[in-house]
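Student:
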Amino acid sequence: MSASDRSARLAIGFSCVGHSYSHLFAPIFFVAVLALEKDLGLTHGEAVALIVVGSALFGFAAPLAGWLGDRWSATKMMALFFFGTGAGMVATAYARTPFEISLALSVTGLFASIYHPVGVAWLVRNAVNRGTALGLNNMFGSFGPAAAALMAGGLIDWLGWRAAFLWPGLLVVLTGFAFLALVARGAIVEMKADRRPDAPASREDATRALVVLFFTILCSSLVYQATQPAIPKLFSERVMGTEGGVLGVSALVALVYGLAGMLQIAAGKISDIYPPRRVYTLGFLIQAPILLLAAFADGLAIVAVIFVSVFVNIGSTTAENVLFARYTPGRWRSFAFGLKFIVALGIAAIGIRIEGWLYDATGGFQVLFMFLAVVVLIGMAATLFVPEDKASAKPAPEMQPAE
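628 is the number of the first residue of the sequence shown in this note's numbering; add one for each residue after it.
Given below as structure tokens:
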């Protein structure tokens, strides 16, 4: 194996691990909400609101992180991601008041915002089969919430909600040290050239595709953002009832995200084999009836329905990222992904508030899931305006280290 191949594999590996870590703090918090409501005397909506600023920064700070990744260094930005995200989680563990918790989560969200614009663009640059690599990346992204839910439930039941932030935060920091050691040894090299560059799209196609994609990204991300805080509460009410503690609920959440994650490589391969725009449209179409079922299902049926919803929602982002990378030039791809995640993680963070508002107003989740079904139908219609990709990839060149 050549040094460039080894560097690319390590880059993809740390990108995947980073994706898991970037999705730790929010799922841990949403499980911890079940304890925070009692500990701090807050309603469900008030407790969920503590993470809104952090979730917004997770998205809104992404363009700056992406710009720095393009202009400065992707590897140095990834090091900042590991250390800052881990430190923010540790700070959350030591927070005492709702304001301090919100502030610590905001710091965590700020540093975690580095991952998606920098880490995903870094992976795309190093991957030959982008769909498969992005599917693998999505698998790790799904394992993040799964592991977070399981760890959080166990740690909360045994040691309290603070431990649920402390120990994962320390793990993220330790990973940062391992990453820096490999960079210092030259095992991971800063790369600027794509291993598999695409033939350039026409200006007209690129403009149309990106305008439409920003809208469809908002639709799919609203579903993700609104369902993430809903799932633990939903399982608590419709599956566990008065039986079982936080660990039982978190185990079900972990099962859903874990199984959905295991299938993401298949979703990635599908995006390599079939036109990604058609895969993307189909993903939206499938979600609509599933979300309607989620409005009324209970017992074990709701677990199965939520599993399908999570798998399809996350799986469709593989095709989404393939399309987005296709229509953005490599020299400012990290910045472009930063803009994407302003929508996906910043603007769409309103989905968290929508979930809290609708639950407090109606006392249940029926209206929320019916609303989300309408959102995905609108998104599906919009995907039809993304151009069909007729371009073929150029042969993969040798990667060139950055100067």
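Backbone N, C-alpha and C define an ideal beta-carbon position, used for all residues, glycine too.
Rounded to a whole number of angstroms, what is the C-alpha to C-alpha distance between Gly-926 and Val-932?
Tutor: Approximately 10 angstroms between the Cα atoms of the pair.
Student: Please return the same chain residues whose Cβ sits closer than 6 angstroms to the Cβ of Ala-1029, not counting the five positions on each side in sequence.
Tutor: Low confidence applies here, because Ala-1029 scores a pLDDT of 40, under 50, leaving its location unreliable; read the following figure in that light. If we look at Ala-1029 and ignore the five residues flanking it on each side, its Cβ neighbours are Glu-817 and Lys-819.
Student: Using the C-alpha atoms, what's the distance from Thr-989 back to Val-1002?
Tutor: Computed Cα separation, rounded: 19 angstroms.
Student: Which residues in the same chain as Val-679 place their Cβ atom closer than 7 angstroms to its Cβ, once the five residues preceding and following it in sequence are excluded?
Tutor: Cβ within range, chain order: Ala-976, Ile-979 and Arg-980.
Student: Taking 6 angstroms as the limit between beta carbons, can you name the residues of its chain near Gly-672, skipping five residues before and five after?
Tutor: Taken in chain order, the residues that qualify are Gly-983 and Asp-987.
Student: Could you tell me the alpha carbon to alpha carbon distance between Arg-636 and Gly-1006, rounded to whole angstroms?
Tutor: Distance between the alpha carbons of Arg-636 and Gly-1006 is about 34 angstroms.
Student: One question on the structure: do Val-717 and Leu-793 come within less than 9 angstroms of each other, judged by their Cβ atoms?
Tutor: Against a cut-off of 9 angstroms, the Cβ pair of Leu-793 and Val-717 comes out as a contact.
Student: Pull up the distance between the alpha-carbon of Phe-841 and that of Leu-761, whole angstroms please.
Tutor: When rounded, the distance between both Cα atoms is 19 angstroms.
Student: Please determine, among Asn-756, Ala-731 and Ala-720, the residue with the shortest C-alpha to C-alpha distance to Gly-787.
Tutor: Per the Cα distances, Ala-720.
Student: Given that a residue counts as buried once 16 or more other Cβ atoms are within 10 Å of its Cβ, and exposed if not, what is Ala-659?
Tutor: Burial call: buried.
Student: Using alpha carbons as the reference points, say which of Gly-813, Gly-780 and Ala-748 lies closest to Ser-877.
Tutor: The residue with the shortest Cα to Cα distance from Ser-877 is Gly-780.
Student: Would DSSP call Glu-1015 helix, strand or coil?
Tutor: In this structure, Glu-1015 counts as coil in the three-state DSSP scheme.
Student: What would DSSP say about Asn-756, mapped onto helix, strand or coil?
Tutor: In this structure, Asn-756 counts as coil in the three-state DSSP scheme.
Student: Please name the residue in Thr-955, Val-939 and Val-906 whose C-alpha comes closest to that of Thr-1010.
Tutor: With distances taken between Cα atoms, Thr-1010 lies closest to Val-906.
Student: What whole-angstrom Cβ distance do Val-747 and Asn-948 have, given they're in contact under 8 angstroms?
Tutor: That belief holds up - the Cβ atoms of Val-747 and Asn-948 are roughly 6 angstroms apart, short of 8 angstroms.
Student: Roughly how many whole angstroms lie between the Cα atoms of Ser-682 and Arg-960?
Tutor: So the two alpha carbons sit approximately 22 angstroms from each other.
Student: With contact counted as at least three CB pairs below 8 angstroms, one residue from each stretch, are the segment 762-776 and the segment 645-652 in contact?
Tutor: The segment 762-776, when compared against the segment 645-652, does touch it at the 8 angstroms Cβ threshold.
Student: Measuring only the C-alpha atoms, how far is Leu-972 from Val-850?
Tutor: Going by the C-alpha atoms only, they are around 11 angstroms apart.
Student: So the alpha helix (DSSP H) Thr-673 belongs to, where does it begin and stop?
Tutor: The question names Thr, but residue 673 in the sequence shown is Glu. Unbroken alpha helix (DSSP H) run through Glu-673: 671-675.
Student: Under the three-state reduction of DSSP, which class applies to Arg-789: helix, strand or coil?
Tutor: Reduced to three states, the DSSP call for Arg-789 is helix.
Student: Rounded to whole angstroms, what is the Cα-Cα separation between Thr-893 and Gly-668?
Tutor: The sequence shown places Ala at residue 893, not Thr. Taking the straight line from one Cα to the other gives about 44 angstroms.
Student: For Val-873 and Ser-863, I'd like the C-alpha separation in whole angstroms.
Tutor: When rounded, the distance between both Cα atoms is 8 angstroms.
Student: Suppose the cutoff is 6 angstroms on Cβ atoms and the five residues either side in sequence are ignored; what does the same chain contact list for Thr-843 look like?
Tutor: Excluding sequence neighbours, Thr-843 sits near Gly-1006, Ala-1009 and Thr-1010.
Student: List the endpoints of the continuous alpha helix (DSSP H) containing Thr-724.
Tutor: No alpha helix (DSSP H) holds Thr-724; DSSP gives it neither H nor E.
Student: Counting only the same chain and skipping the five closest in sequence on each side, list residues whose C-beta sits under 8 angstroms from that of Arg-835.
Tutor: Phe-1012, Val-1013 and Pro-1014.
Student: Below 8 angstroms on the Cβ atoms is my contact criterion, and I expect Ala-688 with Leu-737 to pass it. Report the Cβ-Cβ distance as a whole number of Å.
Tutor: At roughly 5 angstroms, the Cβ-Cβ gap stays under 8 angstroms, so Ala-688 and Leu-737 are in contact.
Student: Using 10 angstroms around the beta-carbon of Ile-858, count the other beta-carbons present and answer buried if the total reaches 16, otherwise exposed.
Tutor: Buried, because 16 or more other Cβ atoms sit within 10 Å of the Cβ of Ile-858.
Student: Find the nearest neighbour of Leu-912 within the set Val-935, Met-766 and Phe-968, judged by alpha-carbon distance.
Tutor: Nearest option by C-alpha distance: Val-935.
Student: Which whole-angstrom value describes the C-beta separation of Gly-758 and Asp-632, a residue pair presumed to lie in contact below a C-beta threshold of 8 angstroms?
Tutor: Between Asp-632 and Gly-758 the Cβ distance is about 19 angstroms, and since that is not below 8 angstroms, they are no contact.
Student: Taking the alpha carbon of Ala-1047 as the reference point, which residue from Trp-749, Arg-698, Leu-995 and Gly-686 has its own alpha carbon closest?
Tutor: This structure cannot settle anything about residue 1047, because the visible part of the chain is limited to 628 through 1030.
Student: Would you mind listing the alpha helix (DSSP H) stretches within the segment 683-742 that are 4+ residues and don't spill past its ends, in chain order?
Tutor: Runs of the alpha helix (DSSP H) inside the segment 683-742: 689-698, 701-721 and 725-739.
Student: Just confirm the distance between the C-beta atoms of Leu-677 and Ile-728, as a whole number of angstroms; I'd bet it's less than 8 angstroms.
Tutor: Contact flag correct, Cβ pair sits at about 5 angstroms.
Student: Per DSSP, what kind of secondary structure is Pro-654 in: helix, strand or coil?
Tutor: In this structure, Pro-654 counts as helix in the three-state DSSP scheme.
Student: Counting along the chain, where does the alpha helix (DSSP H) carrying Met-889 start and finish?
Tutor: Counting along the chain, the alpha helix (DSSP H) containing Met-889 begins and ends at 873-889.
Student: Straight-line CA distance for Phe-709 to Thr-908?
Tutor: In a straight line, the C-alpha of Phe-709 is about 34 angstroms away from that of Thr-908.
Student: Does the Cβ-Cβ distance between Ala-881 and Ala-776 come in under 9 angstroms?
Tutor: It is a contact, given that the beta carbons lie within the stated cut-off.
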